[in-house]
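What follows is a set of notes on a single structure, which appears directly below.
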Amino acid sequence: MVPVSAVGARGGSAPPRSNDPRPRLAQTLFGVEFQSPVLLASGTCGYGREYDGLIPLDRIGGLVTKAVSVEPRTGNPPHRIAETPAGMINAIGLHNVGLDRFISEKLPWLRDNLERARVFVNVVGRTVEDYAEVVSRLDVEEGFLGYEINVSCPNVKGGTMFGTDEAALAELVGRLRTCTERPIVVKLTPNVPDIGVFARLCEEEGADGLSAINTFPGMLIDVDRRRPVIGNVSGGVSGPAILPMGVYLTWRASRASSLPIMGIGGIRSARDALQYILAGASLVQVGTALFVDPSSAEAVHEGLEAHLERHAISSLTEMVGALELPAPPPPDAGTSG
Amino acid sequence: MVPVSAVGARGGSAPPRSNDPRPRLAQTLFGVEFQSPVLLASGTCGYGREYDGLIPLDRIGGLVTKAVSVEPRTGNPPHRIAETPAGMINAIGLHNVGLDRFISEKLPWLRDNLERARVFVNVVGRTVEDYAEVVSRLDVEEGFLGYEINVSCPNVKGGTMFGTDEAALAELVGRLRTCTERPIVVKLTPNVPDIGVFARLCEEEGADGLSAINTFPGMLIDVDRRRPVIGNVSGGVSGPAILPMGVYLTWRASRASSLPIMGIGGIRSARDALQYILAGASLVQVGTALFVDPSSAEAVHEGLEAHLERHAISSLTEMVGALELPAPPPPDAGTSG
Amino acid sequence: MTAASPLRHRASVLSNRRVAQDTWWLELDSPGIAAASRPGQFVMIGYGIENTAAPFLPRPFSVGWRAADGRVGILLRAFGPGTTRMARLRPGEDVLLLGPLGRPFELGRDRPIVCVAGGVGLAPFLFLADEARTAGRDVRLLYGERTGGRVFDPELLASLAGGPAEVWTEDGAVGQRGLVLEGIDWSADRVLLGCGPSLMLRALAESAAERGVALQVSVEEHMGCGVGTCQGCVVPRADGGWAKACTDGPVFEASELAWSP
Amino acid sequence: MTAASPLRHRASVLSNRRVAQDTWWLELDSPGIAAASRPGQFVMIGYGIENTAAPFLPRPFSVGWRAADGRVGILLRAFGPGTTRMARLRPGEDVLLLGPLGRPFELGRDRPIVCVAGGVGLAPFLFLADEARTAGRDVRLLYGERTGGRVFDPELLASLAGGPAEVWTEDGAVGQRGLVLEGIDWSADRVLLGCGPSLMLRALAESAAERGVALQVSVEEHMGCGVGTCQGCVVPRADGGWAKACTDGPVFEASELAWSP
Ligand SMILES: Cc1cc2nc3c(=O)[nH]c(=O)nc-3n(C[C@H](O)[C@H](O)[C@H](O)COP(=O)(O)OP(=O)(O)OC[C@H]3O[C@@H](n4cnc5c(N)ncnc54)[C@H](O)[C@@H]3O)c2cc1C
Ligand SMILES: Cc1cc2nc3c(=O)[nH]c(=O)nc-3n(C[C@H](O)[C@H](O)[C@H](O)COP(=O)(O)OP(=O)(O)OC[C@H]3O[C@@H](n4cnc5c(N)ncnc54)[C@H](O)[C@@H]3O)c2cc1C
Ligand SMILES: Cc1cc2nc3c(=O)[nH]c(=O)nc-3n(C[C@H](O)[C@H](O)[C@H](O)COP(=O)(O)O)c2cc1C
Ligand SMILES: Cc1cc2nc3c(=O)[nH]c(=O)nc-3n(C[C@H](O)[C@H](O)[C@H](O)COP(=O)(O)O)c2cc1C
Ligand code: FES
Ligand code: FES
Chain A
1 MVPVSAVGAR GGSAPPRSND PRPRLAQTLF GVEFQSPVLL ASGTCGYGRE
51 YDGLIPLDRI GGLVTKAVSV EPRTGNPPHR IAETPAGMIN AIGLHNVGLD
101 RFISEKLPWL RDNLERARVF VNVVGRTVED YAEVVSRLDV EEGFLGYEIN
151 VSCPNVKGGT MFGTDEAALA ELVGRLRTCT ERPIVVKLTP NVPDIGVFAR
201 LCEEEGADGL SAINTFPGML IDVDRRRPVI GNVSGGVSGP AILPMGVYLT
251 WRASRASSLP IMGIGGIRSA RDALQYILAG ASLVQVGTAL FVDPSSAEAV
301 HEGLEAHLER HAISSLTEMV GALELPAPPP PDAGTSG
Chain B
1001 MVPVSAVGAR GGSAPPRSND PRPRLAQTLF GVEFQSPVLL ASGTCGYGRE
1051 YDGLIPLDRI GGLVTKAVSV EPRTGNPPHR IAETPAGMIN AIGLHNVGLD
1101 RFISEKLPWL RDNLERARVF VNVVGRTVED YAEVVSRLDV EEGFLGYEIN
1151 VSCPNVKGGT MFGTDEAALA ELVGRLRTCT ERPIVVKLTP NVPDIGVFAR
1201 LCEEEGADGL SAINTFPGML IDVDRRRPVI GNVSGGVSGP AILPMGVYLT
1251 WRASRASSLP IMGIGGIRSA RDALQYILAG ASLVQVGTAL FVDPSSAEAV
1301 HEGLEAHLER HAISSLTEMV GALELPAPPP PDAGTSG
Chain C
2001 MTAASPLRHR ASVLSNRRVA QDTWWLELDS PGIAAASRPG QFVMIGYGIE
2051 NTAAPFLPRP FSVGWRAADG RVGILLRAFG PGTTRMARLR PGEDVLLLGP
2101 LGRPFELGRD RPIVCVAGGV GLAPFLFLAD EARTAGRDVR LLYGERTGGR
2151 VFDPELLASL AGGPAEVWTE DGAVGQRGLV LEGIDWSADR VLLGCGPSLM
2201 LRALAESAAE RGVALQVSVE EHMGCGVGTC QGCVVPRADG GWAKACTDGP
2251 VFEASELAWS P
Chain D
3001 MTAASPLRHR ASVLSNRRVA QDTWWLELDS PGIAAASRPG QFVMIGYGIE
3051 NTAAPFLPRP FSVGWRAADG RVGILLRAFG PGTTRMARLR PGEDVLLLGP
3101 LGRPFELGRD RPIVCVAGGV GLAPFLFLAD EARTAGRDVR LLYGERTGGR
3151 VFDPELLASL AGGPAEVWTE DGAVGQRGLV LEGIDWSADR VLLGCGPSLM
3201 LRALAESAAE RGVALQVSVE EHMGCGVGTC QGCVVPRADG GWAKACTDGP
3251 VFEASELAWS P
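First to last, the sequence lines map onto chains A, B, C and D.
So for the first sequence, our numbering puts the first residue at 1; every next one is plus one.
So for the second sequence, our numbering puts the first residue at 1001; every next one is plus one.
So for the third sequence, our numbering puts the first residue at 2001; every next one is plus one.
So for the fourth sequence, our numbering puts the first residue at 3001; every next one is plus one.
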């Protein structure tokens, strides 16, 4: 599916040539064309096939697979999900079929059935070598464009998460850069004091793009039983509840690095997506909203098209990062109270 | 209002003596009795007086004032607040009358009108010396129990927030400990990789308690005008949206330190409050919910009383930190995916 | 600022009818608020603490009208997600009310009153005109809308306000074509009151200032608490500081405020 | 797993009546889902993407009944915040439906069918009993509730299920006193089906295993997507792995699952 010439071309959003007849939502990113900025988020669309017939995958931008690890993982005990105010908490535990079965059972469907949708494989590991093995072994396969590196997982070596530890993250990204020429997109963790530091670091280590953001750590307690609702005690909070945080962190990441960004977190409408795009995202991912309504990704796509048409904007790229700030910029941005 | 003998007594929640006739919700904390665990959160109840007649302040646990800084602050340009999914974003900018007027105009009302409600003064500054000045000069006054130190503000010296910088926070807490014998409660910032580190550090530097949590940095964009909705560009997200994060961070803080904790974030019912209490909070604060319904703090108080009665629990202290974890504890707690 | 504490209670929706494009007239059952309200004051209307969908925060609305039987009338324009949902309120449902809140218009004595309303800025003047007219005052009610479709049902308006309004529309479809400001007779012996979008209020304030005419305006800003605790609703004062729209206002002397963009 | 793709569409509420304490019978207008459903399958019912108040995520409900005119019947028990709100659905409102989903009961041929229902586990058997009886099958419907007040209106039940149920209540207020399991005749030539709370299903599965009787059960677990993408709804397999309640189930052979506490 990936044209050989495109593999490995680095990101950067090219403005459309003036007499380009291509659709308003199309962008060239990571060396290939995305017909739409709307992708499905990792963990919320399985391996694509599960939504076949419900979501016209080839009409949208693409999808990110469920996390793939070297070994199969059985995941966490139930309950794995629960509802929170305007959101949900999940602790799936990176339940996945493992690399071998991903290659033999999941990738072929993506390769054979998707023409225009771009596929990223979400990658996890417990060590740098785990990640490197997934990337190296996948790299010879067809059916996907690049990697989204999930760093919101514990680093067996240091005890911290890769995504909150600058040294561990730098080592990881640097190592993966040696394993592939395909686009590497690092999915940033939100619970850090300054996401810009991590965005910059990824750029320096050779990443091609950023995804912002993964879920927030959260917990729910069944007060009658005095027990956590979630089998794994805590999990990740997603959904509309985190939208303002996601927009903010995308904006911060986009000011700290020049990499293209996939904006993620609570998106359920074109207006939500536009907030991310104005904040600096070139692409967006729809996750939890798919559970509420599987047609929401398509609705976001159509709503974006309608918005551009209504405002006579010829290309979405004009809106990427086009947020206008008040002058002079306020000194205390980011603080509350 | 503060009995001299109590001033400076350190925290720790004493279980009620067996034939103690005191109400189920009463607890001894910071050397004094709290008749109820429910307080009003800083910035959402002004200086108390504004809610006089609407909220029976002397029936609940108490309140935390709007932040007080040495100098008066005019705060941020409008819009200062906006609604987000199941929450709100605020960037008031620590608008406050300053220390002199706080002492002459605000404190007297609290001193003269509250008998049983406990008052904490929320303190902010741009430098360690700012904080120290507020605490030192207030310390000789009457009408409040102790201090809640708001560290979600930029540290002029280092450029980071006090609340996300271990060294700056340690210096601040250590310095304030030399200024007062009254309870010092440090209000933790949520956007750190491991709140336990900060909780421990506050305990080591002599703090008497912790408040968890302050707001999450967030942003909203008006997509038609391509401008931030909030005059200050970004602000702090509060309300039900952040409840699961607040419960999780309270749990983490309570496992990392033995200080009493005030649980904060999205509380609007007794069941929400109980989640914080089971996770380890001795007290809770109600903030944004007051805007939705000023009677919600009282409703939380009454709901807690009803819950204890229904379950024949003689003292709330039995529930503090009484969360039962599944055995064996899952290895990946805190991660999602 | 206000003398008595505001009331907080659940109020039943008595009726909710569409009175113009995007515009509803909502009647709530609230004897306490009906009795205590003065023209220019407002209420916070919310869905209560169980609700987290928009409107999560309560929204401020002028008391548009009140009746001796305890009805409170609200003029509601579906604007964003919150008001769109409120436009669908049906009889039998209830809302959480907090009010009356804020500083009312000062009407003084005897002098003729001129009300200048833009859009749903009409709301406080329905109540005001009705009661002032009943009290024998001379009231002119100038009312502008962008389009004719948005003009409040004239019959209902006349019955609520104790007389008709002089209507101006930008498209000229109803009433006179033009801006409502064109209808003002700038005479200094009137009590001049304005309520409407901020651009209109600014134009009004500038004209009044040029002519040395006193003007009271009711302003809008995003609100959190409605009672002065959150400092969320500030508007710029002429002297450089901030005033709270909820307790220092919503009615201000135009000269108290800064009007530069 | 399922042959055709599920349908997603907005469906009108046709009626919603209280049929027992905390229990409602909701009829939705969904010809497509009515036509495609098989007993044991379920639908996800939600309020759509604009809604963020509970239920924010759609909730799974068994297809309780269907009619040739396109009606789909749902037996709904107000349990937590989501179902409490759904119990207040009124005719004219609509919901977002996704379905039919999941693996249905396997009824085989000819053999008598014994349905064992606990609480709203009754739902799939209304539909099943009605159609199996129409097809000439012998169907026993055993139905247990904790208290008599929660027993589904017997007349409506009989009309939906094509015949009455044998009712057991723990308080003995309606039907026989005791647990519904006591009513089972453990004969191996029956098609034995169970649906209800997990404690009841476990007891049922253990009894069936002891007696070597085949049993199909419909299980419950928190669901996100309902279509197999989120891995949220897993239940433990006998072989140590996990099965997805939404696509591998909700109906399983009891022997496929692990029943230890
Ligand atoms: C004192 C006062 C009296 C008012 N009287 C009336 C009236 O009688 N009739 C009427 O139709 N409208 C009135 N308004 C305006 C009304 O409150 C807003 O139209 C409404 O809040 C918009 O909510 P929304 O969710 O539909 O819009 P959104 O744009 O979705 O609102 C998003 C956020 O902005 C806030 N917001 C947006 N616009 C306003 C605004 N103008 N004022 C306060 N908050 C705002 C909302 O609270 C919310 O937090 C009044 C406002 C004030 C301050
Ligand atoms: C296949 C299937 C069929 C079902 N059929 C019926 C039926 O016909 N009639 C009926 O009344 N109920 C049925 N249920 C149970 C129903 O889905 C739950 O009662 C409902 O989801 C509870 O939601 P709540 O908000 O009221 O409860 P809450 O306790 O507030 O729910 C909190 C969270 O837990 C989840 N949750 C809680 N219990 C369940 C549960 N049992 N299943 C799935 N999610 C749950 C909710 O999705 C939500 O995320 C069925 C469940 C499944 C899985
Ligand atoms: C309008 C507003 C103003 C606030 N001002 C302060 C403040 O001055 N100092 C402080 O420590 N926290 C401040 N906060 C944070 C709250 O005290 C509380 O930590 C936060 O809102 C989370 O609780 P909630 O979800 O119940 O509102 C403010 C919050 C709001 C909404
Ligand atoms: C059920 C579920 C499973 C997820 N699994 C993964 C995963 O495997 N890898 C990953 O990087 N993110 C995972 N995520 C996070 C999402 O991709 C996304 O970052 C997050 O949900 C925020 O977006 P949303 O609010 O639109 O859902 C998962 C989220 C959910 C809800
Ligand atoms: S709305 Fe809170 S101070 Fe005015
Ligand atoms: S509910 Fe998502 S996999 Fe079953």
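For glycine and all other residues, C-beta sits at the position ideal for the given N, C-alpha and C.
Being a predicted model, the structure only gives us computed values, none of them experimental.
Starting from the C-beta of A:A170, find all residues in its chain whose C-beta is less than 7 Å away, skip the five residues before and the five after it, and write them out in chain order.
-> For the purposes of this step, residue 170 of chain A is taken as the residue at position 170 of the first sequence. Cβ neighbours of A:A170 beyond the five flanking positions: L201 and E205.
Cβ of C:V2120 within 7 Å of any heavy atom in ligand 1?
-> Here residue 2120 of chain C refers to the residue found at position 120 when the third sequence is read from its first residue. Yes, the Cβ of C:V2120 comes within 7 Å of a heavy atom of ligand 1.
With hydrogens ignored, establish whether the beta-carbon of A:M88 is closer than 7 Å to any heavy atom of ligand 6.
-> Counted from its first residue, the first sequence places residue 88 of chain A at position 88. Look at A:M88: its beta carbon is at least 7 Å from all of the heavy atoms in ligand 6.
Is D:L3057 near ligand 2, judged by its Cβ being under 7 Å from some heavy atom?
-> By 1-based counting over the fourth sequence, the position of residue 3057 of chain D is 57. Yes.
What residue does the alpha helix (DSSP H) around B:S1296 start on, and which one ends it?
-> Residue numbering aside, residue 1296 of chain B sits at position 296 when the second sequence is read from its first letter. That run of the alpha helix (DSSP H) goes S1296 to R1310.
Measuring only between beta-carbons, confirm whether A:M262 sits less than 8 Å from chain B.
-> As a working note, residue 262 of chain A is residue 262 in the first sequence. No, A:M262 lies away from the interface with chain B (no Cβ there is under 8 Å from its Cβ).
Going along chain D, which residues have a C-beta under 7 Å from A:T74?
-> Position 74 of the first sequence holds residue 74 of chain A. Per Cβ cutoff of 7 Å: G3241 and W3242.
Contact test: B:A1041 Cβ vs ligand 3 heavy atom, cutoff 7 Å | Here the question's residue 1041 of chain B lines up with position 41 in the second sequence. Checking every heavy atom of ligand 3 against the Cβ of B:A1041, one is found closer than 7 Å.
Just to confirm, are B:V1151 and B:V1119 a CB contact at a threshold of 8 Å?
-> Reading the second sequence from its first residue, position 151 is the one you call residue 1151 of chain B. Reading the second sequence from its first residue, position 119 is the one you call residue 1119 of chain B. No, Cβ-Cβ distance for B:V1151 and B:V1119 is not below 8 Å.
Own chain, CB closer than 8 Å to D:V3167, minus 5 neighbours either side, in chain order = Working through the fourth sequence from its first residue, we reach residue 3167 of chain D at position 167. The answer, listed in chain order, is Y3143, G3144, E3145, V3151, P3154, V3174, G3175 and Q3176.
Interface residues of the stretch 3078-3099 of chain D facing chain C [CB-CB below 7 Å] = none
If we count the other Cβ atoms within 10 Å of its Cβ and call it buried at 16 or more, is B:G1159 buried or exposed?
-> Locating residue 1159 of chain B in the second sequence gives position 159, where the first residue counts as 1. Classification of B:G1159: exposed, given that the 10 Å Cβ count is below 16.
Taking the alpha-carbon positions, what's the A:T180 to A:G61 distance?
-> For the purposes of this step, residue 180 of chain A is taken as residue 180 along the first sequence, with counting starting at 1. For the purposes of this step, residue 61 of chain A is taken as residue 61 along the first sequence, with counting starting at 1. So the alpha carbons of these two residues sit roughly 23 Å apart.
Give a single yes or no on whether C:Q2041 has its beta carbon closer than 7 Å to a heavy atom of ligand 5.
-> To locate residue 2041 of chain C, count along the third sequence from 1; it is residue 41. For ligand 5, not one heavy atom lies less than 7 Å from the Cβ of C:Q2041.
Along the beta strand (DSSP E) that carries A:G146, what are the first and last residues, could you check?
-> Counting from 1 along the first sequence, the entry for residue 146 of chain A is found at position 146. First-last of the beta strand (DSSP E) with A:G146: G146 to N150.
Given A:P37 as reference, the closest of A:G280, A:D293 and A:L323 once Cα atoms are compared = In the first sequence, residue 37 of chain A corresponds to position 37, counting from 1. Per the Cα distances, A:G280.
Looking at D:T3229 and ligand 6, is the gap between the Cβ and the nearest heavy atom below 7 Å?
-> Translated into the one-based positions of the fourth sequence, residue 3229 of chain D becomes position 229. Yes, ligand 6 has a heavy atom inside 7 Å of this Cβ.
DSSP-derived helix/strand/coil call for A:T189 = Taking the first residue of the first sequence as 1, we reach residue 189 of chain A at position 189. Coil at A:T189, not helix or strand.
Taking the Cβ atom as the reference point for each residue, do A:T65 and A:N122 lie within a distance shorter than 8 Å?
-> To locate residue 65 of chain A, count along the first sequence from 1; it is residue 65. To locate residue 122 of chain A, count along the first sequence from 1; it is residue 122. Closer than 8 Å, so yes.
For the candidate residues B:S1136, B:G1174, B:P1154 and B:L1025, whose alpha-carbon lies nearest to that of B:A1100?
-> Translated into positions along the second sequence, residue 1100 of chain B becomes position 100. Here residue 1100 of chain B is Asp; the residue named in the question, Ala, does not match the sequence. Ranked by Cα distance from B:D1100, the first of B:S1136, B:G1174, B:P1154 and B:L1025 is B:S1136.
Under a three-way DSSP split, which group does D:A3020 fall into?
-> On the fourth sequence, position 20 is the one that residue 3020 of chain D refers to. DSSP places D:A3020 in strand when its eight states are reduced to three.
Sorted by chain position, which residues of the same chain lie with C-beta nearer than 6 Å to C:G2149's C-beta, five sequence neighbours on each side aside?
-> On the third sequence, position 149 is the one that residue 2149 of chain C refers to. Counting only Cβ-Cβ distances below 6 Å, and skipping sequence neighbours, we find Q2021.
Hey, would you say the C-beta of D:G3226 is under 7 Å away from at least one heavy atom of ligand 6?
-> Taking the first residue of the fourth sequence as position 1, residue 3226 of chain D is located at position 226. Indeed, a heavy atom of ligand 6 lies less than 7 Å from the Cβ.
Where does C:Q2231 fall in DSSP's three states?
-> The count along the third sequence starts at 1 and reaches residue 2231 of chain C at position 231. Three-state result, C:Q2231: coil.
Would a C-beta distance cut-off of 8 Å place C:T2083 and C:R2077 closer than the cut-off?
-> Locating residue 2083 of chain C in the third sequence gives position 83, counting from the first residue. Locating residue 2077 of chain C in the third sequence gives position 77, counting from the first residue. Going by beta carbons, C:T2083 and C:R2077 fall inside the 8 Å limit.
In whole angstroms, what separates the C-alpha of A:A344 from that of B:G1287?
-> Look at the range of chain A in this structure, 1 to 337, and you will see that residue 344 of chain A is not part of it.
Paired residues, beta bridge with C:V2072 - DSSP = As a working mapping, residue 2072 of chain C is identified with position 72 in the third sequence. The partner list for C:V2072 (beta bridge, DSSP) reads C:L2028 and C:R2066.
For B:E1105, count neighbouring Cβ atoms within 10 angstroms of its own Cβ and tell me buried if that reaches 16, exposed if not.
-> Within the second sequence, residue 1105 of chain B is the residue found at index 105, counting from 1. By the neighbour-count rule (16 or more Cβ atoms within 10 Å), B:E1105 is not buried but exposed.
Going along chain D in order, which residues have a C-beta closer than 8 Å to the C-beta of A:L188?
-> Numbered from its first residue, the first sequence carries residue 188 of chain A at position 188. Residues of chain D passing the Cβ test: none, with the nearest at roughly 22 Å.
Put B:I1195 into one of helix, strand or coil per three-state DSSP.
-> For the purposes of this step, residue 1195 of chain B is taken as the residue at position 195 of the second sequence. Note: B:I1195 maps to helix in three-state DSSP.
C:V2013 vs C:G2099 beta-carbon contact at 8 Å = Within the third sequence, numbered from 1, the residue matching residue 2013 of chain C stands at position 13. Within the third sequence, numbered from 1, the residue matching residue 2099 of chain C stands at position 99. Their beta carbons are not under 8 Å apart, which means C:V2013 does not touch C:G2099 by this criterion.
At least one CB of chain A closer than 8 Å to the CB of D:E3256: is that the case?
-> In the fourth sequence, residue 3256 of chain D corresponds to position 256, counting from 1. Output row for D:E3256: interface = no.
Are the beta-carbon atoms of A:G75 and A:I89 separated by less than 8 Å?
-> As a first step, residue 75 of chain A must be located in the first sequence, where it is residue number 75. As a first step, residue 89 of chain A must be located in the first sequence, where it is residue number 89. Not in contact: A:G75 and A:I89 (Cβ atoms no closer than 8 Å).
Comparing the C-beta of D:A3054 with each C-beta of chain A, is any distance below 8 Å?
-> On the fourth sequence, position 54 is the one that residue 3054 of chain D refers to. With 8 Å as the cut-off, D:A3054 counts as an interface residue toward chain A.
Check each residue of the stretch 1044-1057 of chain B: if its Cβ is closer than 7 Å to any Cβ of chain C, include it; give the result in chain order.
-> T1044, C1045, G1046, E1050, Y1051, G1053 and L1054
State the start and end residues of the unbroken beta strand (DSSP E) segment that holds D:D3094.
-> Counted from its first residue, the fourth sequence places residue 3094 of chain D at position 94. Run containing D:D3094: D3094 to L3101, per the beta strand (DSSP E) assignment.
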